[in-house]
Each structure stands twice: as C-alpha cells, then as structure tokens.
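K.L.:
Okay, here's the structure, questions in a sec.
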C-alpha cells in the first residue's frame, strides 16, 4: 500500500508540475493515469499482470512526454509518441469505465452544530468548494445586497447546495429590518481558483467573515504545487499565498489575529546579566488558518514539510559540493604522480641514511597513502543502482518469453570505483539476458522436471580478497556439455580429438560467434554477446568463471579490481627486473625448502600447494641466474585457491600507480599493467588470476612461448 501511494504521488506530482508550466500533453496523459492509480490506491481496482504492464508502459510514455517538453518545448508532439499515448489512454480508459467510481456527496449543513464545525475547519470530504460566509449586520445599510453576490457566484460555477443559517436571528421584537442576521454555507462546483472565488465577494469583504475551503481534489493539487515550488526560503504564509491555497486577505486576517493573541510574560529565570527573562508566546500561524477555516490541515502540513525540505536542502548544499567526473579523474592522476614522487623521495632518504630525513620521508609516505585512500574513496559508488535497473529488464523479457522469473538482488551496498561500475553494466546486461533466454525454462517444462513454475535468478555482489565479486546464477536448465562440444567442433573452435576439462567446456560459450541457440531472437542467439562480455571484463583486469550443472542451473562469477588507478603492491625481484604483486592477494611469504617439495607442489603446513617459478614464466635473467635463486615463495590466494609464486628476492610493500600497457603489449600474458618505481625503473604488475588459472589447469609449460609472451 505504501509503495502504491508513493507511485500515485509521483504521477500526481508530474501532472501538477506540468500544469504549472502549461505542458498540456503531459497533463492530459498523466491525468488519466493518475485516475487509474487513484482507483488502485482506493482498492477499486486489483493489481493484475495486465494492469501492471499497462502502468509500466504508461511510465515509459510519461518519460517520453517529459523529455519532449524539456528537449523540444516549442515543437508539437511527434506522431509516434502521440499514437502510443492514444493507445495507452484507450486502455486506461477501459479501467476507468469498468470501475465503480464513487460520486462524492455534497456537504450540506443542516443545523447550528454542523455549521459551526464547518467554520472551525472540518476536513473537506467532497469534491466541491465549500464557502462559509457570515454577513455583518450593517451590510444592508452599507448598500450591499447579499443575494446579488450569490447570483454572481453562479457565473463562476454551479451552486450545488446552500444552507441558510439563522442561529444569530434575534427575537421578532428585537429585529432591525435594516440589519442582516443571516449566514450561509455553500457548496460550489467550479474549476476556478480560490482567488477567483474570493474576488466575487471583493466589495463586501469588509462587511463579512468569509472562509473558502478547497475540494478534496484541489487539496491534493495544492500539495503538488507546494512541492513544485523553487527551493527558496519562504514563510508558511508566503508558500500558501504563492500556490493559491490562501488569499492575501486571509493571510492578513490570520496575521492580525496572531498579533492580537501574542502574549509576553516573565518567567522565574535570569540570564547571565541577572536580567529577568521574558518569553513571547503566540499561536502558530498554521493552527490559526485551520481553526478559522481558511485552509485545510493537509495543505498547511505540506507547506511545513516544504519549509523543512528547503532548510535540509540548504544544509546539505553546505555539506557537499558537486565535482565534475573529469576533474576527479585529473585529481586521481595527480595523486598517482604524488605517490611516485613520494616513493622516489623515500628511496633517496634511505640512500643518505640520515635519521631525520628518513623519519620525514616516512611521515610523508604515510600522508600520501592517506591522501591516496581518501581520493580513491571519492570515486567509490554503490553498485545497487546498476542492479536495480535490471528489475524492469527481467520483467519485460520474462513477459516476452512467457516465463515466470523472480530476480533476487543482494549486496547492492557493495562499493567499487565509478569507472568500473560504468563499464560493467553492459556485460552484466548480456549475462542476465542470456540467463533469462537460454538458462531459464518455461513454466510447463520446469513443472515437468519437478521444479517450481517460477525460476529464480540471483544477482549478488560482495568483497573478497581485495576484489569485488559479482555472481549471476539461475536454477534453470544449465549448460549441456555435449551440445557445447558439438557446436564448438562444428564452428572449428576445437578439434574433434581435443580433450577438455568441464571448466574449459563451459568457457567455450565465450568464443567469438559461438551460440547454441537454434533460432535467433530479439534477445539473443547471434553469438555476439558472450565474447564481448569476456573482452570487456578482461579490459577491466577482471576474470569471469562459469559453473554449471545440467538440469540444476548455471552460475557466472565475475571478479573485478576495486579500482583501476592505484593499489597497494608487494615488490619482488625476478632475475634482473622488479615486479609487483597486488598486496590484497598476498597471504604470506615463506622460504622454499627443496626437501619439502615434490614436483611442482610444496607442503604448506599439511596443505598441498602448487607453486610456479616466475623466472621460468617471464624468462628474465637467463640461465646464469638459476643458481642464485633464493627460493622465496610468495603465497597468493585468489578465488579460494592458494598458489606459491617463487621469486628471487622480496623487496617489500610498494604503493603502485597502475599504468596501462599500450596496444603493442595487449596480448602479453601474465602481466596486467606497469608501474614506475621510486628509482624511475618500470616494474610490471603480475596478473595473478591469469597465472593461477593456468597453474590449476595443469601447470605452466615454460617451453610454450605462446603461453609466456
């Protein structure tokens, strides 16, 4: 119910705001959509699948209309948008015609008690304006005829009901035939504004007490107009007068009443100068307006809320500053250069061996590290907004495919670099669309296999080992290994005699042009999606893994770095060159004892761990350095798997500014980027995930140069 109310208010706000600026096309469409939403809110309609689809299509149409008036306000509505709108209006009208609209009953005051209640600000429950007027006894003597005002009122609208009040009528013997003792309660049906109604009684405003209460629908319009006001500091009275909920005369009367009832009294307290404290108390303006029947409580509350929002917005503006993304990128680049300069300064300080200089350099290094973390934090955003965009996609695709799919999202508050978020959106969309089209079965097939009609697609994000992990999984059909292999042989991706592990078979779907779809649809089947996904994730220095069980479902696991700019690294020496391993992946460092090894494995406290000689991988140093190896092992962990990287020397932690490799080196295996050391030397950043994937597929063949360079 709360969500439906929020949606109704959103549509109502669009209509009211468009009405203020005269965008009639927007108003015409949203008025009908609002009416249907109102019936849904009032339980006159039940939310069905068809109605849900119609309302979502209506939302899209509103978006087109709003964009049209923003981008091309002086041009007529394009025929394409108009035709879509006419079709939607026809469907919406069917719900209005088929519903049971409630005809509001006019408020008819029948006795003294109810008339006093109306004058005291009873909430209006009809869709008619309610006018409460009490003429002064001297009105006739001043040449004014009350009846003439009622005749003129008929030109503004239709008087639905009018009750004459005789409660102030004296006894016959005391009656003055030249005095007026009557009051009137009137219900008026009109599209006029409050000011226009008040102008009817302009010549008699000094000789009467006039209160005009808006209809129920008008109250909602007032609240919308109040919300649409500019974010400026305004008093309650100014807000109400600006939107037409209050006339200037009514505000003056209320302020005069407030001034007359202001009380200044002394309290038994003293300030710092021992002066007696005076307290000023006066009735709140909103209470006066409501008590005197000048406006409705809901309108006053809307004005108060608007005032609070403006104050909060002003405070928020003082606490935050909008920064252009390009400027933020420039700042991060400068911080990167600062990190390199800091490393150079620290290196020179160590060479001098001066304690004071070493201490200063160390302090500088800590400050630079804090600046680095704070700067990178500015570009960290939650991935939840990207995830939430997929809800509508899942609904629309499931409808097109006649499937029932429930999307479950978790970990939306997980943060990562804004640049990564922007670039991962399209790959996630490809994976999701393929899961919906290929992975999930139709309801009848699922039931035949003992599953529920509704399939579940999970979208989850979390942090792990310094990376962000995004998982997309479904409980659908799963990948058929035999079908994948047959298709791969047909497309000459593999040879008929080639032996593949289950993981390698699953990864065949990332081959260019590979698709097992028998028919091409608007959703998938052309074989141009999954290879693009793989390339985009590679470009982000990420990894994607596939795990599938036939008949149970498929899971895609994407691992991405938190940022593309600066990381903490662990510097090592391999042969003649320095390399950097991402510190988040480093578990520990140990010394390799040959007696504890067996082949390419080592006993790590009872755990069998594979290891890899990096000098064999990168071929840096030649055979002359083989005997000089100190056999240090850097234990790294990625995706739950531990592997040892054998290096010649451990050089310690290093703040690493990632410099991308050029096009010449784009096919370089085992390297994800480069960095500049304090000495000015260029060090390569080791692509640990790529190395581990080869190790756990059966080891690295140092003689196979296609794997190495």
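Residue numbers (my numbering): 1168 to 1876. Think of the CB as a built atom: it goes at the ideal place given N, C-alpha and C, for glycine as much as any other residue.
#1: Would you say residue 1567 reaches chain C, if we count a Cβ-Cβ gap shorter than 8 Å as a contact?
#2: Whole angstroms is fine: what's the gap from residue 1526's alpha carbon to residue 1499's?
#3: Go ahead and pull the three-state DSSP assignment for residue 1256.
#4: Per DSSP, which one or two residues make a beta bridge with residue 1799?
#5: Out of 1620, 1598 and 1734, point me to the one whose CA is closest to residue 1626's CA.
#6: Using DSSP's beta-bridge definition, name the partner residues of residue 1733.
#7: Measure from the alpha carbon of residue 1172 to the alpha carbon of each residue in 1205, 1855 and 1192, then state which is nearest.
#8: Do the segment 1577-1588 and the segment 1710-1723 meet, that is, are 3 or more Cβ pairs less than 8 Å apart?
#9: Check each candidate in 1569, 1568, 1260 and 1502 and name the one with the smallest Cα separation from residue 1540.
#10: Distance check for residue 1183 and residue 1209, CA to CA, integer angstroms please.
#11: Give the secondary structure of residue 1601 by DSSP, where H, G and I count as helix, E and B as strand, and everything else as coil.
#12: Looking at the unbroken alpha helix (DSSP H) that takes in residue 1673, where does it start and where does it end?
#13: Hey, quick one: how far does the beta strand (DSSP E) through residue 1779 stretch, first residue to last?
#14: Which ranges would you report for the alpha helix (DSSP H) in the segment 1534-1583 if only whole runs of at least 4 residues count?
#15: Between which residues of its own chain and residue 1336 is the CB-CB distance below 7 Å, once the five residues before and five after are set aside?
#16: Please report how far the alpha carbon of residue 1196 lies from the alpha carbon of residue 1482, in whole angstroms.
#17: Check residue 1728 in the structure and name its three-state DSSP category.
#18: I need the boundaries of the beta strand (DSSP E) containing residue 1329, first residue and last residue.
#19: For the alpha helix (DSSP H) that contains residue 1507, what are its first and last residues?
#20: Please report the Cβ distance between residue 1846 and residue 1514, rounded to the nearest whole angstrom; I am assuming they are in contact, meaning their Cβ atoms lie under 8 Å.
#21: By Cβ distance, which residues of its chain are closer than 7 Å to residue 1202, with the 5 residues on each side in sequence left out?
#22: Between which two residues does the alpha helix (DSSP H) carrying residue 1196 extend?
#23: Return the first residue and the last residue of the alpha helix (DSSP H) that residue 1851 is part of.
#24: Residue 1530: buried (16+ other C-beta within 10 angstroms of its C-beta) or exposed?
#25: Shortest alpha-carbon distance to residue 1573 belongs to which of 1557, 1622, 1368 and 1553?
#26: On the DSSP bridge list, what partners appear for residue 1749?
#27: Please work out which residues of its chain come closer than 7 Å, Cβ to Cβ, to residue 1674, disregarding the five sequence neighbours upstream and downstream, and give them in chain order.
#28: Hey, residue 1634 and residue 1726: beta-carbon distance below 8 Å or not?
#29: With respect to the alpha helix (DSSP H) encompassing residue 1237, which residues constitute its N-terminal and C-terminal limits?
#30: Below 6 Å CB to CB, which residues in the same chain sit around residue 1792 once its five sequence neighbours on both sides are set aside?
#31: Would you mind stating whether residue 1733 and residue 1824 have Cβ atoms separated by less than 8 Å?
#32: Just mark residue 1722 as buried or exposed, buried being the case when its beta carbon has 16 or more other beta carbons within 10 Å.
#33: So, is residue 1829 buried or exposed, given that buried needs 16 or more other C-beta atoms within 10 angstroms?
#34: For residue 1308, which option in 1777, 1837 and 1374 has the closest C-alpha, if you only look at C-alpha atoms?
#35: What would DSSP say about residue 1319, mapped onto helix, strand or coil?
#36: Taking the continuous alpha helix (DSSP H) assigned at residue 1656, which residues delimit it?
P.N.:
Reading off the structure:
#1: Included in the structure is just one protein chain, with no chain C present.
#2: Here residue 1526 corresponds to residue number 359 of the chain shown, with the count starting at 1. Here residue 1499 corresponds to residue number 332 of the chain shown, with the count starting at 1. Roughly 26 Å separates the two Cα atoms.
#3: Numbered from its first residue, the chain shown carries residue 1256 at position 89. Residue 1256 falls in the helix class under three-state DSSP.
#4: Taking the first residue of the chain shown as 1, we reach residue 1799 at position 632. Paired residue(s): 1758 and 1814.
#5: Counting from one through the chain shown, the residue named residue 1626 turns up at place 459. Nearest C-alpha to residue 1626: 1598.
#6: Here residue 1733 corresponds to residue number 566 of the chain shown, with the count starting at 1. Residue 1733 is bridged to 1824.
#7: For this step, residue 1172 is matched to residue 5 along the chain shown. Minimum Cα distance to residue 1172 is reached at 1205.
#8: no
#9: Along the chain shown, one-based indexing puts residue 1540 at 373. Selected option, being the one with the closest Cα: 1502.
#10: Within the chain shown, residue 1209 is the residue found at index 42, counting from 1. Within the chain shown, residue 1183 is the residue found at index 16, counting from 1. Straight-line Cα distance between these residues: approximately 20 Å.
#11: Looking up residue 1601 in the chain shown gives position 434. DSSP places residue 1601 in helix when its eight states are reduced to three.
#12: For the purposes of this step, residue 1673 is taken as residue 506 along the chain shown, with counting starting at 1. Run containing residue 1673: 1669-1673, per the alpha helix (DSSP H) assignment.
#13: Stepping through the chain shown from its first residue, residue 1779 is reached at position 612. Unbroken beta strand (DSSP E) run through residue 1779: 1774-1780.
#14: 1551-1555 and 1557-1567
#15: The residue given as residue 1336 occupies position 169 in the chain shown. 1348.
#16: Here residue 1196 refers to the residue found at position 29 of the chain shown. Here residue 1482 refers to the residue found at position 315 of the chain shown. The alpha-carbon atoms of residue 1196 and residue 1482 are separated by roughly 36 Å.
#17: If you number the chain shown from 1, residue 1728 lands on position 561. Residue 1728 falls in the strand class under three-state DSSP.
#18: Reading the chain shown from its first residue, position 162 is the one you call residue 1329. Residues 1325-1332.
#19: Against the chain shown, residue 1507 aligns to sequence position 340. Run containing residue 1507: 1492-1519, per the alpha helix (DSSP H) assignment.
#20: Position 679 of the chain shown, counted from the start, is the residue given in the question as residue 1846. Position 347 of the chain shown, counted from the start, is the residue given in the question as residue 1514. Residue 1846 to residue 1514, Cβ: 6 Å. Contact.
#21: Position 35 of the chain shown, counted from the first residue, corresponds to residue 1202. Result list for residue 1202: 1263, in chain order.
#22: As a position in the chain shown, residue 1196 is number 29, starting the count at 1. Residues 1191-1208.
#23: The residue you call residue 1851 lines up with position 684 of the chain shown. Residue 1851 -> not in any alpha helix (DSSP H); beta strand (DSSP E) instead, spanning 1849-1853.
#24: Mapped onto the chain shown, residue 1530 falls at position 363. So residue 1530 ends up on the exposed side.
#25: As a working mapping, residue 1573 is identified with position 406 in the chain shown. Minimum Cα distance to residue 1573 is reached at 1622.
#26: Indexing the chain shown from 1 puts residue 1749 at position 582. According to DSSP, residue 1749 bridges with 1736.
#27: Residue numbering aside, residue 1674 sits at position 507 when the chain shown is read from its first letter. The residues are 1713.
#28: Residue mapping note: residue 1634 aligns to position 467 of the chain shown, counting from 1. Residue mapping note: residue 1726 aligns to position 559 of the chain shown, counting from 1. Result yes, Cβ atoms of residue 1634 and residue 1726 sit closer than 8 Å.
#29: Taking the chain shown and counting its residues from 1, the one referred to as residue 1237 is at position 70. Here the alpha helix (DSSP H) through residue 1237 covers 1216-1238.
#30: Reading the chain shown from its first residue, position 625 is the one you call residue 1792. Confidence at residue 1792 is low in this model, with a pLDDT of 47, below 50, so the placement of that residue should be treated as unreliable; the coordinate-derived value is given next. The residues are 1742.
#31: Along the chain shown, one-based indexing puts residue 1733 at 566. Along the chain shown, one-based indexing puts residue 1824 at 657. Their beta carbons are under 8 Å apart, which means residue 1733 touches residue 1824 by this criterion.
#32: Along the chain shown, one-based indexing puts residue 1722 at 555. That one is buried.
#33: Residue numbering aside, residue 1829 sits at position 662 when the chain shown is read from its first letter. So residue 1829 counts as exposed.
#34: Stepping through the chain shown from its first residue, residue 1308 is reached at position 141. That would be 1374, whose Cα lies nearest to the Cα of residue 1308.
#35: As a position in the chain shown, residue 1319 is number 152, starting the count at 1. Helix at residue 1319.
#36: Mapped onto the chain shown, residue 1656 falls at position 489. Per DSSP, residue 1656 belongs to the alpha helix (DSSP H) from 1648-1657.
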